[in-house]
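So the sequence shown is numbered by the working numbering: it starts at 5 and just counts up by one.
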Amino acid sequence: MEQILYQRGAEEQLSLNIYNQQEESSDLNDRFIWMYVFMNIFFRMNHSLYSSTIADEKRALLEKLCEMYNDIESLRVWNHFDSKYSRDQAIQWYTNEGLFYTALNRTLRCRNLKLLTVFRFFIFDLYEQLMQTYDSQKNKRKHEKSDQLLPIYSVYRRQILPLGQIQRMKHSIGSFASINSFFSTTRDRHIAERFRSKSSDEFTINLRSVLFKIDIDPNLNIRQYGDIQDISAYRDEKELLFIPGTIFQIKNVSKANDYFIELKLCSENDKEIHDIISKWKQYIESKLNQSYLYWFVEETDKLNHAEQYYRLVLKYLPKNDPFISYSYHGLGNIYKKNGKYAEAITYYTEARQISNDRRWQAKCYNSIADAYLSMDNEKLALHNYKVAKSMYECETNQSYRNIADCCSNIGRIYQKIKNYNKALTSFQEVLSLNEKIASKDSLHMITSLMNLAKTYCLKRDYEEARNYLNRALQMSQKHLKQNDPELGSMYKDIGNIYQEDKQFHLALSFYHKAAEIYYYTYPRTDQHNVDIQKCIRYSNYKLK
Numbered sequence: 005m006e007q008i009l010y011q012r013g014a015e016e017q018l019s020l021n022i023y024n025q026q027e028e029s030s031d032l033n034d035r036f037i038w039m040y041v042f043m044n045i046f047f048r049m050n051h052s053l054y055s056s057t058i059a060d061e062k063r064a065l066l067e068k069l070c071e072m073y074n075d076i077e078s079l080r081v082w083n084h085f086d087s088k089y090s091r092d093q094a095i096q097w098y099t100n101e102g103l104f105y106t107a108l109n110r111t112l113r114c115r116n117l118k119l120l121t122v123f124r125f126f127i128f129d130l131y132e133q134l135m136q137t138y139d140s141q142k143n144k145r146k147h148e149k150s151d152q153l154l155p156i157y158s159v160y161r162r163q164i165l166p167l168g169q170i171q172r173m174k175h176s177i178g179s180f181a182s183i184n185s186f187f188s189t190t191r192d193r194h195i196a197e198r199f200r201s202k203s204s205d206e207f208t209i210n211l212r213s214v215l216f217k218i219d220i221d222p223n224l225n226i227r228q229y230g231d232i233q234d235i236s237a238y239r240d241e242k243e244l245l246f247i248p249g250t251i252f253q254i255k256n257v258s259k260a261n262d263y264f265i266e267l268k269l270c271s272e273n274d275k276e277i278h279d280i281i282s283k284w285k286q287y288i289e290s291k292l293n294q295s296y297l298y299w300f301v302e303e304t305d306k307l308n309h310a311e312q313y314y315r316l317v318l319k320y321l322p323k324n325d326p327f328i329s330y331s332y333h334g335l336g337n338i339y340k341k342n343g344k345y346a347e348a349i350t351y352y353t354e355a356r357q358i359s360n361d362r363r364w365q366a367k368c369y370n371s372i373a374d375a376y377l378s379m380d381n382e383k384l385a386l387h388n389y390k391v392a393k394s395m396y397e398c399e400t401n402q403s404y405r406n407i408a409d410c411c412s413n414i415g416r417i418y419q420k421i422k423n424y425n426k427a428l429t430s431f432q433e434v435l436s437l438n439e440k441i442a443s444k445d446s447l448h449m450i451t452s453l454m455n456l457a458k459t460y461c462l463k464r465d466y467e468e469a470r471n472y473l474n475r476a477l478q479m480s481q482k483h484l485k486q487n488d489p490e491l492g493s494m495y496k497d498i499g500n501i502y503q504e505d506k507q508f509h510l511a512l513s514f515y516h517k518a519a520e521i522y523y524y525t526y527p528r529t530d531q532h533n534v535d536i537q538k539c540i541r542y543s544n545y546k547l548k
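Right, here's the structure in full:
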């Protein structure tokens with residue numbers, strides 16, 4: 005038994021994600037949110053369909069496990085699982101078979117979407133059994149008819165952690181941390197303490213043994229754990245098991261012989277946690293302009309196996325769940341990425357039709373327009389961008405950024421079909437909208453000015469083109485680093501306008517500035533360096 009829990013401690017050394025509210029987006033923050041989204045999606049699935057698919061899902065899981073672990077002992081375990089597993093034995097399988105435990109938690113920690121899909125039925129069985137245990141213990145306390153509040157109690161876990169993670173926790177007192185795997189603890193501190201490594205030689209300079217103490221208030225309805233002592237394969241461990249995504253608050257980090265970290269179990273309904281999730285959703289939708297389901301899939305596998313996961317969501321979520329529309333939109337993104345624009349449009353249209361959210365419908369119209377533009381169908385692209393723009397404009401709380409993006413797309417189409425006056429009108433509207441946006445994002449402002457400059461250049465109104473380019477240049481020099489390639493592109497564009505206006509000496513001065521930035525930014529053979537040298541040679545030729 006000692007070996008089993010010690011092995012678990014070593015196996016889970018990267019299982020905590022700390023959320024830093026000072027950083028809008030970071031890898032650790034993303035991991036914290038990712039597990040929240042995963043569990044949120046998982047528990048919204050319609051598990052009434054479970055019984056009709058269990059045989060197929062179990063077969064798919066066993067095939068994968070046999071690929072990953074194919075030695076004689078592992079194959080013996082998988083064969084035993086195939087013939088003996090039943091839903092009411094999920095916790096026994098989890099606690100008894102170290103190999104099964106390892107495969108599941110490694111899949112969760114690695115965020116392997118394909119494997120998580122085939123593990124779905126077992127995760128659900130494990131969760132359901134935990135919640136039955138939790139509810140049974142809660143109801144037992146109710147029947148005791150005591151009006152007194154139950155005392156807060158503690159559970160413990162010995163675990164190996166990287167020193168860097170310990171230091172991060174030490175500097176994050178009061179912050180929240182989540183686990184991204186199932187997490188075993190014991191009610192008995194002495195049991196946890198005796199799992200300390202027998203020799204300091206087992207640790208490298210970067211790893212430390214840590215004792216966690218987790219305070220639990222049994223008076224709160226936090227359905228994220230279960231006392232599994234009576235059904236565990238090792239009953240003398242007095243084990244409580246937490247589900248993935250469980251959130252704790254870091255209360256204290258101290259050190260005597262070993263590190264001692266005190267946590268408090270939190271409810272996702274706590275105001276602070278609710279505010280974190282709301283702020284993050286707003287960030288995804290406003291900054292990245294995506295549904296957070298798409299972010300979840302993209303963050304996980306960069307769209308590998310994404311179609312399989314979207315179809316799983318479509319199969320198991322209730323038909324009125326907003327994630328259904330998000331999944332159709334995600335499928336559209338996949339087909340668009342693969343150049344199958346007609347299929348993408350079909351999925352985007354389905355996503356729009358089943359949603360009652362006007363902002364989301366506008367997003368779908370915008371995606372449809374993007375697909376039509378990729379098909380060189382400017383007419384239908386223009387129509388859909390205009391519909392999206394009008395829907396955004398009808399909102400009570402108008403999103404200037406979304407309206408501006410639509411106007412930019414409309415302007416680019418007019419520019420492409422050589423209707424320069426309408427292009428200028430659209431780009432002027434973008435500039436006006438950008439000035440209304442509270443953050444006044446400098447890059448958006450620079451892009452607006454550049455679009456106006458390029459359109460005036462196409463109209464051969466070089467004086468106005470230079471006017472807007474100079475404004476963009478002043479802003480770029482203020483907000484971009486000296487050798488930023490964006491600044492190099494700006495110098496090149498200004499040089500192009502002077503070249504069009506046959507002022508080759510001025511064109512050369514800007515081409516040389518661009519060339520200097522490209523020289524230090526890109527390899528000598530990169531297309532940026534090749535093209536700028538061509539521009540320099542042409543201007544020199546014209547000056548002879």
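Heads up, the beta-carbon is just placed ideally off N, CA and C, and yes, glycines get one too.
Source: prediction; values computed, not measured.
State the Cα-Cα distance for the pair ASN21 and ILE254, rounded to the nearest angstrom.
11 angstroms
Let's test the definition: count the other Cβ atoms within 10 Å of the Cβ of LYS202 and tell me whether it reaches 16, buried, or not, exposed.
Per-residue confidence for LYS202 stands at a pLDDT of 44, beneath the threshold of 50, marking its modelled position as unreliable; the derived number appears in the next sentence. Answer is exposed; the Cβ neighbour count stays below 16.
Spatial neighbours of SER204 within its chain, please: CB distance less than 8 angstroms, with the 5 preceding and 5 following residues excluded, ordered by chain position.
Confidence is the limiting factor: at SER204 the pLDDT is only 45, short of 50, which leaves the residue's position unreliable and the question unanswerable from this model.
Completely contained alpha helix (DSSP H) runs for the stretch 402 to 432, where each covers 4 or more residues:
404 to 420
Contact defined as beta carbons within less than 8 angstroms: I believe SER158 pairs with ASP231. What is the distance between those atoms, to the nearest angstrom?
13 angstroms between Cβ atoms; not a contact.
What span of residues does the alpha helix (DSSP H) with LYS393 cover, start to end?
382 to 397
If VAL122 and GLU61 are in contact, beta carbons under 8 angstroms, what's the gap, nearest whole angstrom?
6 angstroms
Less than 8 angstroms separating the beta-carbons of PHE246 and TYR229?
yes
By the 10 Å Cβ neighbour count, where 16 or more other Cβ atoms means buried, how is SER480 classified, buried or exposed?
buried
Candidates SER430, ILE226, GLY168, of which the one nearest ARG212 by Cα
GLY168
Coarse secondary structure for GLY13, derived from DSSP in three states
Its pLDDT being 48, under 50, GLY13 is placed unreliably by the model, and the measurement read from it follows with that caveat. Reduced to three states, the DSSP call for GLY13 is helix.
At which residue ranges does the stretch 239 to 285 contain complete beta strand (DSSP E) runs of 3 or more residues, listed in the order of the chain?
243 to 246, 251 to 259, 263 to 269
Tell me whether PHE123 counts as near the ligand PLP, meaning its Cβ is closer than 7 angstroms to at least one heavy atom of that ligand.
Among the components modelled here there is no ligand, and therefore nothing to report on the ligand PLP.
Local Cβ density within 10 Å of GLU1, reported as buried at 16 or more and exposed below that:
Lying before the first or after the last residue shown, residue 1 is absent from the chain, which here runs from 5 to 548.
Can you tell me the Cα-Cα spacing of PHE327 and ALA457, whole angstroms?
41 angstroms
The beta strand (DSSP E) with TYR23 in it runs from where to where?
20 to 23
Beta-ladder partner(s) of GLN163, from DSSP
VAL214
Do ILE349 and ALA375 have their beta-carbon atoms positioned less than 8 angstroms apart in this structure?
yes
Please look up how many angstroms separate the CB atoms of LEU512 and ASN533, rounded, as I've assumed it's under 8 angstroms.
Between ASN533 and LEU512 the Cβ distance is about 16 angstroms, and since that is not below 8 angstroms, they are no contact.
From ARG475 to LYS426, what distance separates their C-alpha atoms?
22 angstroms
Quick one: what's SER182 bridged to in DSSP?
ASN21, ILE251
Taking three-plus beta-carbon pairs below 8 angstroms as touching, is the stretch 270 to 289 in contact with the stretch 119 to 133?
no
Specify whether the stretch 481 to 488 and the stretch 527 to 542 touch according to this definition: at least 3 beta carbon pairs, one from each stretch, less than 8 angstroms apart.
no
Identify whether GLY230 lies in helix, strand or coil by the three-state DSSP scheme.
strand
If we call anything under 8 angstroms between Cβ atoms a contact, is GLN469 one with ILE417?
It should be pointed out that residue 469 corresponds to Ala in this sequence rather than to Gln. Their beta carbons are not under 8 angstroms apart, which means ALA469 does not touch ILE417 by this criterion.
Own chain residues within Cβ distance below 6 angstroms of SER412, not counting five before or after
VAL434
For SER452, I'd like the list of residues in its chain whose CB is within less than 7 angstroms of its CB, leaving aside the five on either flank, ordered along the chain.
PHE431, VAL434, LEU435, ASN438
Pull up the DSSP beta-bridge partners for ILE220, would you.
TYR157
Give me whichever residues DSSP pairs with THR189 in a beta bridge.
LEU244
LYS242 to LYS283, Cα distance in whole Å?
38 angstroms
Answer yes if the stretch 321 to 336 comes into contact with the stretch 350 to 357, meaning at least three C-beta pairs across the two stretches below 8 angstroms, and no otherwise.
yes
Below 8 angstroms on the Cβ atoms is my guess for PRO248 versus LEU112; work out the distance and round it to an integer in Å.
5 angstroms
Three-state secondary structure (DSSP) at HIS448?
helix
List, from N- to C-terminal side, the alpha helix (DSSP H) runs of 4 residues or more that fit wholly inside the stretch 46 to 104.
54 to 72, 76 to 88, 94 to 100
Spatial neighbours of ASN210 within its chain, please: C-beta separation below 6 angstroms, excluding the five flanking residues on both sides.
PRO166, LEU167
In this structure, how does DSSP classify HIS175 when only helix, strand and coil are distinguished?
coil
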